[in-house]
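Working notes, beginning with the structure itself.
There are 2 protein chains.
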Amino acid sequence: MLQYGHVLPAPGPHGTWPPALAWGTGDLTLARIASLGRVDHFSPGATLYAEGDVGDFVYCVVAGMVRTINVSRDGNRVVRGFHLSGEFFGMERAQRHASSAEAVSDTRAVRCSRSQLDALAASDSQIANALWSWLLRMAERAEDLSVIGRASAAQKLAYFLLDFMGRVSTTRSIDLPMSRTDIGDYLGLSSETVSRTFTTLRRDGLITTQGRYVTLLNPGALQRMSGGLMRGPS
Amino acid sequence: MLQYGHVLPAPGPHGTWPPALAWGTGDLTLARIASLGRVDHFSPGATLYAEGDVGDFVYCVVAGMVRTINVSRDGNRVVRGFHLSGEFFGMERAQRHASSAEAVSDTRAVRCSRSQLDALAASDSQIANALWSWLLRMAERAEDLSVIGRASAAQKLAYFLLDFMGRVSTTRSIDLPMSRTDIGDYLGLSSETVSRTFTTLRRDGLITTQGRYVTLLNPGALQRMSGGLMRGPS
DNA sequence: CGCCGAATTGAAGCCAATCAAAGGGAGTGG
DNA sequence: CCACTCCCTTTGATTGGCTTCAATTCGGCG
Numbered sequence: 009m010l011q012y013g014h015v016l017p018a019p020g021p022h023g024t025w026p027p028a029l030a031w032g033t034g035d036l037t038l039a040r041i042a043s044l045g046r047v048d049h050f051s052p053g054a055t056l057y058a059e060g061d062v063g064d065f066v067y068c069v070v071a072g073m074v075r076t077i078n079v080s081r082d083g084n085r086v087v088r089g090f091h092l093s094g095e096f097f098g099m100e101r102a103q104r105h106a107s108s109a110e111a112v113s114d115t116r117a118v119r120c121s122r123s124q125l126d127a128l129a130a131s132d133s134q135i136a137n138a139l140w141s142w143l144l145r146m147a148e149r150a151e152d153l154s155v156i157g158r159a160s161a162a163q164k165l166a167y168f169l170l171d172f173m174g175r176v177s178t179t180r181s182i183d184l185p186m187s188r189t190d191i192g193d194y195l196g197l198s199s200e201t202v203s204r205t206f207t208t209l210r211r212d213g214l215i216t217t218q219g220r221y222v223t224l225l226n227p228g229a230l231q232r233m234s235g236g237l238m239r240g241p242s
Numbered sequence: 009m010l011q012y013g014h015v016l017p018a019p020g021p022h023g024t025w026p027p028a029l030a031w032g033t034g035d036l037t038l039a040r041i042a043s044l045g046r047v048d049h050f051s052p053g054a055t056l057y058a059e060g061d062v063g064d065f066v067y068c069v070v071a072g073m074v075r076t077i078n079v080s081r082d083g084n085r086v087v088r089g090f091h092l093s094g095e096f097f098g099m100e101r102a103q104r105h106a107s108s109a110e111a112v113s114d115t116r117a118v119r120c121s122r123s124q125l126d127a128l129a130a131s132d133s134q135i136a137n138a139l140w141s142w143l144l145r146m147a148e149r150a151e152d153l154s155v156i157g158r159a160s161a162a163q164k165l166a167y168f169l170l171d172f173m174g175r176v177s178t179t180r181s182i183d184l185p186m187s188r189t190d191i192g193d194y195l196g197l198s199s200e201t202v203s204r205t206f207t208t209l210r211r212d213g214l215i216t217t218q219g220r221y222v223t224l225l226n227p228g229a230l231q232r233m234s235g236g237l238m239r240g241p242s
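Quick note, the sequences are listed as chains A and B, same order. All you need for my numbering is the position in the first sequence, starting with 1, plus 8. All you need for my numbering is the position in the second sequence, starting with 1, plus 8.
Here you go:
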């Protein structure tokens, strides 16, 4: 993180505020972005880039899922974010990547240089909008995360599920290809606690699970449970 | 934040990256900022503005300290930040303030409209630099806070003390006018735990305290204790 | 079928929150 | 000047939630 969202002051030198919020990952924009560069394939666990790598590139997920992570000196792992189809990642302040990026599931992602993306955004307002939406999302998520540290395991997981539901689908079923450990390292919980909390939510009739798929039976209750951490359906 | 792009050298689509990092709150800039508007005085506990207030104003602390806070529906208080002399606050994305601002100690602060500040920053590169530094600092602190949720009480407090030492003084003595409760609400701890942790650090010979003043006897040990949360001396 | 990693479940320990009480320090009024 | 009060801090005791360690089950794949 610490990508543009935290730092960029305005939606462009003379843009309106807030910018149109169409989270412009419709097929058109996604296809156009994908056409920017070569689409590479990554198997689960593959590394797209490592922390400290120099690279003036920006990435966009075309299919699958990518996680960005940090590993501290003492071996603690922090998952900074999960990135889904149509979402950008790898934009950072410094020239070196502050996080590593790994494929969670079978993933196709396109890499393009910043200059390319700049040029594209300048000529394509849809892409510019998509980028802006992304920035706003990053900023909001950063703010959420600063609050989520105080929350209980159930609150954190409820937040996590609602966040994913909002991002990934129009239905109440979501695909969670990442492991419990990944989720735990994202929310600041142990994998066992994540598992236990899933069990609790299941027992309380709030969700059902079948393998990687989770169905949110009662998003309203989850919303209430999350304690208003979510900032609207975004 | 997110409103200053028309004036500052946007690092986004068309700017250089990263921007120059001079943290330009030298006396000159501070004096110039203070000369921008009327300098108001606030007694401890006084409210500068409240969450939800509409106000197209930006603030800069001239002397004293300001805290920005949120109170959730169920009464939980979160301190978003402490703002010292020369630091800006009140810049927010929306037109309404997302947090309340209160004076911690006797405080003098200058308020100016965004348009005024824009104009000033456009004509004064020192002030533009100060604003940029402020944005970067905010970004870094946001990132720190997203990690600090995972830390132990001692790690959090060590981080807090080091952060303040870096901001407030060139010596190892810092003035902490805020209450234990304030610190706790900032770090996500109870006031009792903050107090206990101070006691522990004192007993271990890492700090001494006299009233509001804390002396860091062994910053290196605190640094190690904080687990590398701090990102350099900023 | 058997293997291996992940998920689940159980039991114990630890850290911080909470409840409760005692100890300063500053300001006020007698 | 002293006594009193109020608020914050400190310390103690208990509780609760999460982590850790450990064992079992589940699911995918050769």
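Ideal Cβ placement from N, Cα and C applies to all residues, glycine included.
Where R122 of chain A falls: helix, strand or coil (DSSP): helix
A161 of chain A - containing alpha helix (DSSP H), residue span: 161–176
Cβ neighbour criterion (16 or more within 10 Å) applied to R232 of chain A: exposed
Residue-level contact to chain B via CB, V170 of chain A, 8 angstroms cutoff: Position check: residue 170 of chain A holds Leu in this sequence, whereas Val was assumed. No, L170 of chain A lies away from the interface with chain B (no Cβ there is under 8 angstroms from its Cβ).
Contact residues within the stretch 151–183 of chain B, judged by C-beta distance below 8 angstroms to chain A: E151, L153, S154, V155, I156, G157, R158
Pick from B:F96, B:E148, B:A106 that is closest to A42 of chain B, judged by C-alpha positions: Measuring from the Cα of A42 of chain B, the nearest candidate turns out to be B:F96.
Extent of the continuous alpha helix (DSSP H) run through G228 of chain B: Its alpha helix (DSSP H) spans residues 227–233.
C-alpha distance - A30 of chain A paired with R40 of chain A, whole-angstrom precision: For A30 of chain A, the pLDDT reaches just 31, beneath the cut-off of 50, and the residue's location in the model is therefore unreliable, leaving the point undetermined.
Extent of the continuous alpha helix (DSSP H) run through S108 of chain A: Per DSSP, S108 of chain A belongs to no alpha helix (DSSP H); it is in the beta strand (DSSP E), 108–111.
From A:N78, A:V74, A:R104, A:E110, residue whose alpha carbon lies closest to that of G94 of chain A: It is A:V74.
Rounded separation between T178 of chain A and L170 of chain A - CA only: 12 angstroms
Minimum C-alpha distance to D212 of chain B - residue among B:L225, B:Y221, B:R220: B:L225
Contacting positions in the stretch 191–204 of chain B - beta carbon closer than 7 angstroms to chain A: The stretch 191–204 of chain B vs chain A, Cβ under 7 angstroms: G196.
Assumed close pair D48 of chain B, A117 of chain B - CB separation to whole angstroms, cut-off 8 angstroms: 6 angstroms
Positions along the stretch 73–94 of chain A whose CB lies within less than 9 angstroms of some CB in chain B: N78, S80, R81, D82, N84, V86, R88
Contacts around P52 of chain A, its chain only, beta-carbon distance under 7 angstroms, and the 5 residues preceding and following it disregarded: A111, V112, S113, D114
Under 9 angstroms by beta carbon: chain A residues contacting G235 of chain B: S80, R81, D82, N84
Nearest candidate by alpha-carbon position, reference V79 of chain B, set A:V155, A:Y57, A:A138: For V79 of chain B, the closest of A:V155, A:Y57, A:A138 by C-alpha to C-alpha distance is A:V155.
Residue from B:A136, B:G98, B:V69 whose Cα sits closest to the Cα of D61 of chain B: Its Cα nearest to that of D61 of chain B, the residue B:G98 stands out among B:A136, B:G98, B:V69.
Run of the beta strand (DSSP E) containing V70 of chain B, from where it starts to where it stops: 65–71
Where D193 of chain B falls, given that 16 or more other Cβ within 10 Å makes a residue buried: buried
Beta-carbon contacts of M173 of chain A that lie in its chain and below 8 angstroms, excluding the five residues immediately before and after: R180, I182, L224, P227
Residues of its chain near S67 of chain B, where Cβ-Cβ distance is below 6 angstroms and the 5 sequence neighbours each way are ignored: Note that residue 67 of chain B is Tyr in the sequence shown, not Ser. Here the set comprises F97, G98, A117, R119.
Cβ neighbour criterion (16 or more within 10 Å) applied to N84 of chain A: Per the 10 Å Cβ criterion, exposed.
Assigned secondary structure, G32 of chain A (DSSP; H/G/I helix, E/B strand, else coil): For G32 of chain A, the pLDDT reaches just 38, beneath the cut-off of 50, and the residue's location in the model is therefore unreliable, although a value from the coordinates is still provided. In the structure shown, G32 of chain A sits in coil (DSSP, three-state: anything other than H, G, I, E or B).
I135 of chain B - partner residues in DSSP beta bridges: DSSP, once it has assigned bridges, lists no residue as partnering I135 of chain B.
Supposed close pair R210 of chain B, T201 of chain B - CB separation, criterion 8 angstroms: In fact, because the Cβ distance is near 15 angstroms, the residues do not count as touching under 8 angstroms.
Simplified DSSP state of T208 of chain B, which is helix, strand or coil: helix
Counterpart residues of L224 of chain B in DSSP-defined beta bridges: B:I215
Opposing strand residues paired with H91 of chain A [DSSP bridges]: A:V74
Buried or exposed by the 16-neighbour rule on C-beta atoms within 10 Å, applied to S123 of chain B: exposed
Nearest-angstrom Cβ-Cβ length linking R188 of chain B and S203 of chain B, presumed shorter than 8 angstroms: 5 angstroms
Under 8 angstroms between C-beta atoms of S234 of chain A and A166 of chain A: yes
Endpoints, the alpha helix (DSSP H) within which T244 of chain A is located: Nothing can be reported for residue 244 of chain A, as the shown portion of chain A is limited to 9 through 242.
Between the CA atoms of L230 of chain A and A162 of chain A - distance to the nearest angstrom: 9 angstroms
Inter-residue spacing [alpha-carbon to alpha-carbon] between V222 of chain B and D82 of chain A: The C-alpha of V222 of chain B lies about 29 angstroms from the C-alpha of D82 of chain A.
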